[in-house]
Amino acid sequence: MSGDRPHPTDCSEVLGRLYEYLDREMPDGDCAKFQEHIDECSPCLEKYGLEQSVKKLVKRCCGHDDVPADLRSKVLGRIDAIRAGEAGPVRPDPGEAA
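Okay, so the sequence shown: first residue is 1 according to the UniProt record's numbering, each after it adds one.
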């Protein structure tokens with residue numbers, strides 16, 4: 001899927017972590033590596049532009065609701081568990097209604 005020449009960063013890695021990049025949630029060194037790849041790879045640049053547009057649209061239409069802090073921490077904890085390979089079945093919180 002790469003552009004005209006090979007890149008040190010694989011397209012699948014860039015596309016797999018695109019939202020992490022868009023949300024500025026990755027380390028600076030990785031950001032620089034991804035930016036270089038996106039600047040040089042037209043298919044990834046196109047996908048980046050599309051996802052960036054979708055993100056802006058969602059923010060404009062739905063970005064006015066505050067997310068409860070406990071929900072945010074649960075979601076981030078689940079993401080960390082998935083990344084660490086500890087992903088098991090999602091169990092509802094006993095204090096929440098089903």
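All C-beta atoms, glycine included, are put in the ideal place defined by N, C-alpha and C. All values reported here derive from a predicted model rather than from experimental measurement.
query	result
Do you know whose CA, among LEU76, ASP80, PRO43, LEU22, lies nearest SER12's CA?	PRO43
Could you give the C-beta distance for LYS47 and LEU76, rounded to a whole number, given that I count them as a contact under 8 Å?	Going by Cβ atoms, the distance from LYS47 to LEU76 rounds to 25 Å, so no, they are not a contact pair.
Between the alpha carbons of ILE79 and ASP65, how many angstroms are there, rounded?	21 Å
Which value, in whole angstroms, describes the spacing of the CA atoms of TYR21 and CYS31?	6 Å
Tell me the DSSP secondary structure of GLY77 in three-state form.	helix
I'd like to know whether the C-beta atoms of VAL58 and PHE34 end up nearer to each other than 8 Å.	no
Locate the alpha helix (DSSP H) running through ALA32, then write down its first and last residues.	28 to 40
Measuring only the C-alpha atoms, how far is CYS41 from ALA69?	38 Å
Taking only three categories from DSSP, how would you classify LEU18?	helix
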